[in-house]
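Student:
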Amino acid sequence: AEMTRTNLYFVGIFAVLSLVEGIGEDHNPQPDYTIRCQSTKGPFVINMVRAWSPRGADRFKDLVEEGYFDDGVGMFRVVKGFLVQFGISNNVSRNAAWEVKSPIPDDTRVLSTFKRGYVSFAGSGPNSRTTQTFICYQDNNHLGNAPWETPFG
Numbered sequence: 006a007e008m009t010r011t012n013l014y015f016v017g018i019f020a021v022l023s024l025v026e027g028i029g030e031d032h033n034p035q036p037d038y039t040i041r042c043q044s045t046k047g048p049f050v051i052n053m054v055r056a057w058s059p060r061g062a063d064r065f066k067d068l069v070e071e072g073y074f075d076d077g078v079g080m081f082r083v084v085k086g087f088l089v090q091f092g093i094s095n096n097v098s099r100n101a102a103w104e105v106k107s108p109i110p111d112d113t114r115v116l117s118t119f120k121r122g123y124v125s126f127a128g129s130g131p132n133s134r135t136t137q138t139f140i141c142y143q144d145n146n147h148l149g150n151a152p153w154e155t156p157f158g
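For this note's numbering, count along the sequence shown from 1 and bump the result up by 5.
(1) Counting C-beta neighbours from all protein chains within 10 Å, is the total for V50 16 or more, i.e. buried, or is it exposed?
(2) Could you tell me the alpha carbon to alpha carbon distance between Y73 and G92, rounded to whole angstroms?
(3) Check V83 in the structure and name its three-state DSSP category.
(4) Please report the residue range of the beta strand (DSSP E) in which G47 lies.
(5) Starting from R99, trace the alpha helix (DSSP H) in both directions and tell me its first and last residue.
(6) State whether the segment 76-84 contacts the segment 112-124, with contact taken as three or more CB pairs (one from each stretch) at a distance under 8 Å.
(7) In terms of residues, what are the limits of the alpha helix (DSSP H) holding F65?
(8) Starting from Y38, follow its DSSP beta bridges and name the residues at the other end.
(9) Using only CA atoms, which one of G149, I140, P156, I109 lies nearest to F87?
(10) Among D144, G47, T135, which has the Cα closest to the Cα of W103?
(11) Identify the residues that DSSP records as bridge partners of R114: which are they?
(12) Could you say which of T113, Q35, S98, G128 lies nearest to E71 if we only look at CA atoms?
(13) Is the Cβ-Cβ distance between T138 and S129 less than 8 Å?
(14) Would the segment 53-65 and the segment 146-158 be scored as touching if the rule is three or more Cβ pairs under 8 Å?
(15) Around the Cβ of V105, are there at least 16 other Cβ atoms within 10 angstroms (buried) or fewer (exposed)?
This is the structure we're talking about:
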């Protein structure tokens with residue numbers, strides 16, 4: 006896969022946290038929260054499904070609510086046809102504050118495959134999820150095998 010640098014940045018993420026009752030089918034449930042994002046390439050939405058990854062969804066919600074993304078977050082890993090990765094704040098003090106927080110434990114895997122548009126935390130080993138996340142560009146059977154790869158949206 007080809008990896009390229011891009012100038013795509015989040016210029017802010019703001020939360021519209023609307024609780025929705027009930028979870029539908031595994032791959033098409035109603036979201037528990039909706040996060041509206043703005044990038045230099047236009048807006049997009051993350052529909053968070055807590056049942057897929059409770060700790061992951063809660064961590065991402067905490068990041069949003071605490072303003073982690075407010076000063077911009079570069080999308081530093083872009084692999085055409087695979088994924089885009091982000092999660093290092095442009096605000097040095099915010100990064101430092103989150104570095105001292107413990108990584109979150111892995112969630113139990115609920116889904117067997119990643120679909121286009123799924124959002125998950127990146128990790129480097131068991132129980133290593135911190136602030137870096139990725140979005141899948143297409144359905145991907147290669148993801149979801151590691152214990153830290155559990156989509157939350």
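In this text, a Cβ means the ideal position worked out from N, Cα and C, and glycines have one as well. All values reported here derive from a predicted model rather than from experimental measurement.
Tutor: Here's the rundown:
(1) Locating residue 50 in the sequence shown gives position 45, where the first residue counts as 1. The residue is exposed, with fewer than 16 neighbouring Cβ atoms inside 10 Å.
(2) Indexing the sequence shown from 1 puts residue 73 at position 68. Indexing the sequence shown from 1 puts residue 92 at position 87. Distance between the alpha carbons of Y73 and G92: 9 Å.
(3) Here residue 83 refers to the residue found at position 78 when the sequence shown is read from its first residue. Strand.
(4) As a first step, residue 47 must be located in the sequence shown, where it is residue number 42. DSSP places G47 inside the beta strand (DSSP E), whose first and last residues are 47-53.
(5) Position 94 of the sequence shown, counted from the first residue, corresponds to residue 99. It spans 97-104 - the alpha helix (DSSP H) in which R99 sits, taken as one unbroken run.
(6) no
(7) In the sequence shown, residue 65 corresponds to position 60, counting from 1. F65 -> alpha helix (DSSP H) spans 59-70.
(8) On the sequence shown, residue 38 is found 33 positions in, with the first residue counted as 1. Paired residue(s): M53.
(9) As a first step, residue 87 must be located in the sequence shown, where it is residue number 82. For the residues G149, I140, P156, I109, the minimum Cα distance to F87 belongs to I140.
(10) On the sequence shown, position 98 is the one that residue 103 refers to. Here the closest residue by C-alpha is T135.
(11) Counting from one through the sequence shown, the residue named residue 114 turns up at place 109. Bridge partners of R114: none, in fact.
(12) Reading the sequence shown from its first residue, position 66 is the one you call residue 71. When each option's Cα is compared against that of E71, the closest is S98.
(13) Within the sequence shown, numbered from 1, the residue matching residue 138 stands at position 133. Within the sequence shown, numbered from 1, the residue matching residue 129 stands at position 124. No, Cβ-Cβ distance for T138 and S129 is not below 8 Å.
(14) yes
(15) Numbered from its first residue, the sequence shown carries residue 105 at position 100. When all chains shown are included, V105 counts as exposed.
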